[in-house]
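**Student:** The structure is given below, and queries will be raised subsequently.
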């Protein structure tokens, strides 16, 4: 009886694969460093290798519904990569599903990695049982996904959920996308580092340990470092957190007013910082969303952490299988 | 055989009713001035009267699936009015469906009027055959609705689609909702009048006929008047249009980046101005949305005009009947 899905999560540094059970639990897993040479062709080889190994370990593919792939960039419903993915040069135009179908005679589906993460949280994580929710993926960039009436909203060519490019300040700093004031410039990991530097270097601040480290500069200054100091109570790091979460709340408030979700899930690498981001966003949200909507909308941290990618990729398969 | 729906559109000045055929065409129609006395109770009486007459004219309710009601404010899925509707004092807490069900033994469904309008355009208007679209209703306020995968997205308690309260400038003018810079303050009919006055009275502008009329002030200054002069080529009125549509484009751009729709429909009373608003919004949009998304997203004027309300209310019934 078919009961499992293979989930693949292609990231800028690692390709992860897992066999996912129908309850979202991981049965087996594997990870291989991402080889970005040869314009993405090597990545597809890695994907094929991982799938082969997982099937081998499982003793065949008889119990497998199919393969789901989550990857950076816009991914069309047929598995074609549209537009550029910053971390993966040459990724544009790749076809992710066809090679998998041809090699393993299995159903293959693909989606943007933040959409996959959203589906994982909706089916098996912080959003279990919630019909209308959104998920923000706070990482190197900011992505996201939307669930309406229990279904993942892919949007045209799978592009929905680009919360990172919601402009929260039309006079704000320019973004690589051509717009100004995109929330990604404030609340992604590099955004947090940028504003930590701004505040420590040009603001009038007391000289805390945090400020000394930031002023010394270099690679030591990461979003992780900022939030270590936030959680330790450093007043300047806390100011950075307030600044960043105020900007993030503007985008989240707009999302709430647009979609009236029951739940906003905050996930991605930045959320390793923990509950403080959820609490600070909640504090600022009343300025940026309609009171009636906020009353019925929760904000919660994601639950599946780094596994959300493979679990969500698996969930794409279960969804596709359920719909025939 | 059941084949018709009764659509009711409750507005601040008129209650409209119609019998809608399965192809969206209006078979019969009726309108009665809105009586806002007695905290909304009179409105419900009017609704009951209209339904009764339409059934009578139809020779009975044998062919009628049910009654759909579109009304201002947030309307819960069970027909309860949540929160205030500015034009209808005492409207909050009303139950719209129960009296209809009790009186006529017909299915009754209700939704916010902008959601109903969106569904009308999606099923029978500018969005026929489009799976993922949004509709902006530009009128006394700005409302809207979202269709994902062919289904109207109601959101929690029917509150989705509050595009009017998307903030397009966090330092902008305060809105009655408690936020700042809501796009409703710029591109609703009163918003357009406000900015026409601002530009004519405080800006450095040449003294055109338009400027003279606006400076004379009074009730003569309406959004309709502004757009009459825009369409006549008055340079200052055109400046007002550019200003207003630039702000509107910011909100539309955010909606596009969020949902990746195939289509944005602009409707509501303000759109009586015609194609000029669509064209100006299109011109400004590249500043405010991701190029890949904009490439696959059209902007079009609504097609159903003032009938969208009753047709959409009828469409709510067809949708509910289709889902059992």
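Residue numbers (our numbering), protein chains in the order written: chain A, 1191 to 1514; chain B, 1191 to 1514.
Cβ coordinates follow ideal geometry from the N, Cα and C atoms, glycine included.
Source: prediction; values computed, not measured.
Between residue 1465(A) and chain B, is there a C-beta pair that is closer than 8 Å?
**Tutor:** no
**Student:** Of all the options 1313(A), 1355(A) and 1207(A), which has the alpha carbon lying nearest to the alpha carbon of residue 1368(A)?
**Tutor:** 1355(A)
**Student:** At the 8 Å Cβ level, is residue 1322(B) part of the contact set with chain D, yes or no?
**Tutor:** Structure shown: chain D not included; protein chains present are A and B.
**Student:** What are the start and end residues of the alpha helix (DSSP H) that includes residue 1462(B)?
**Tutor:** Per DSSP, residue 1462(B) belongs to no alpha helix (DSSP H) and is neither H nor E.
**Student:** By the DSSP assignment, the beta strand (DSSP E) with residue 1255(B) in it spans what residues?
**Tutor:** 1254-1261
**Student:** So that I know if they touch, is there some Cβ in chain B lying closer than 8 Å to that of residue 1367(A)?
**Tutor:** yes
**Student:** Could you check whether the Cβ of residue 1330(A) sits closer than 8 Å to any Cβ belonging to chain B?
**Tutor:** no
**Student:** Where does residue 1307(B) sit, in a helix, a strand or coil, going by DSSP?
**Tutor:** If DSSP states are grouped into helix, strand and coil, residue 1307(B) belongs with the helices.
**Student:** Can you give the Cα-Cα distance for residue 1428(B) and residue 1473(A), rounded to whole angstroms?
**Tutor:** 41 Å
**Student:** Against chain B, which members of the segment 1276-1294 of chain A pass a CB distance test of less than 8 Å?
**Tutor:** Listed by position, the residues of the segment 1276-1294 of chain A near chain B (Cβ gap below 8 Å) amount to none.
**Student:** So for residue 1451(A), helix, strand or coil by DSSP?
**Tutor:** coil
**Student:** Starting from residue 1488(A), find everything on chain B with Cβ-Cβ shorter than 8 Å and list it in chain order.
**Tutor:** Simply none; closest approach about 10 Å.
**Student:** Tell me which residues share the same chain as residue 1244(A) and place their Cβ nearer than 7 Å to its Cβ, disregarding the 5 neighbours each side in the sequence.
**Tutor:** These residues qualify, in order along the chain: 1196, 1207, 1209, 1218 and 1220.
**Student:** Under a Cβ-count criterion, where at least 16 other Cβ atoms within 10 Å of its own Cβ denotes burial, should residue 1250(B) be classed as buried or exposed?
**Tutor:** exposed
**Student:** Would the beta-carbon of residue 1348(B) fall within 8 Å of that of residue 1304(B)?
**Tutor:** Going by beta carbons, residue 1348(B) and residue 1304(B) fall outside the 8 Å limit.
**Student:** Within the 8 Å Cβ cut-off, does residue 1477(B) reach chain A?
**Tutor:** yes
**Student:** Among 1440(A), 1314(A) and 1228(A), which residue has its Cα nearest to the Cα of residue 1495(A)?
**Tutor:** 1314(A)
**Student:** If the criterion is Cβ atoms closer than 8 Å, does the pair residue 1463(B) and residue 1307(B) meet it?
**Tutor:** It is not a contact, given that the beta carbons lie outside the stated cut-off.
**Student:** Taking the continuous alpha helix (DSSP H) assigned at residue 1399(B), which residues delimit it?
**Tutor:** Counting along the chain, the alpha helix (DSSP H) containing residue 1399(B) begins and ends at 1399-1406.
**Student:** Cβ closer than 8 Å: which chain B residues qualify as neighbours of residue 1527(A)?
**Tutor:** Residue 1527(A) cannot be examined here, being either before or after the span of chain A that is shown, 1191 to 1514.
**Student:** Closest to residue 1449(A) by CA distance: which of 1362(B), 1353(B), 1233(B) and 1500(B) is it?
**Tutor:** 1353(B)
**Student:** Note down the Cα distance separating residue 1406(A) from residue 1325(B), rounded to an integer number of angstroms.
**Tutor:** Each residue's alpha carbon lies about 51 Å from the other.
**Student:** For residue 1206(B), report the span of its beta strand (DSSP E) as first-last.
**Tutor:** Its beta strand (DSSP E) spans residues 1204-1211.
**Student:** Between residue 1273(A) and the rest of its own chain, which residues show a CB-CB distance below 7 Å, the 5 nearest in sequence each way excluded?
**Tutor:** 1263, 1264 and 1282
**Student:** If you measure from the beta carbon of residue 1470(B) to each beta carbon in chain A, is any gap under 8 Å?
**Tutor:** Not a single C-beta of chain A is nearer than 8 Å to the C-beta of residue 1470(B).
**Student:** Using a Cβ-Cβ distance cut-off of 8 Å, determine whether residue 1424(B) contacts chain A.
**Tutor:** no
**Student:** Quick one: Cα of residue 1225(A) to Cα of residue 1203(A), how far?
**Tutor:** For residue 1225(A) and residue 1203(A), the gap between their C-alpha atoms comes out near 8 Å.
**Student:** Among 1231(A), 1269(A) and 1426(A), which one has its Cα closest to the Cα of residue 1396(A)?
**Tutor:** 1426(A)
**Student:** Is it true that the CB of residue 1309(A) sits closer than 8 Å to the CB of residue 1506(A)?
**Tutor:** Yes, they are a contact pair.
**Student:** State the Cα-Cα distance for the pair residue 1234(B) and residue 1477(A), rounded to the nearest angstrom.
**Tutor:** If I take the Cα positions, the gap works out to 35 Å.
**Student:** Name the residues in the segment 1254-1278 of chain A whose C-beta lies less than 8 Å from a C-beta of chain B; which are they?
**Tutor:** 1264, 1272 and 1273
**Student:** So who's on the other strand from residue 1264(A), going by DSSP bridges?
**Tutor:** 1272(A)
**Student:** Output needed for residue 1459(B): all residues of its chain with C-beta closer than 6 Å, excluding positions within five of it in sequence on either side, in chain order.
**Tutor:** 1329
**Student:** Under 7 Å Cβ to Cβ from residue 1461(B), same chain only, skipping five residues before and after it: list those, please.
**Tutor:** 1328, 1467, 1491 and 1492
**Student:** Against residue 1338(B), what residues of chain A qualify as contacts under a CB-to-CB distance less than 7 Å, listed in chain order?
**Tutor:** Going along chain A in sequence order, the residues near residue 1338(B) (Cβ under 7 Å) are 1338 and 1343.
**Student:** Give a yes or no on whether the minimum CB-CB distance between residue 1186(B) and chain A is below 8 Å.
**Tutor:** One cannot answer for residue 1186(B) here, as it falls past the ends of chain B, which runs 1191 to 1514.
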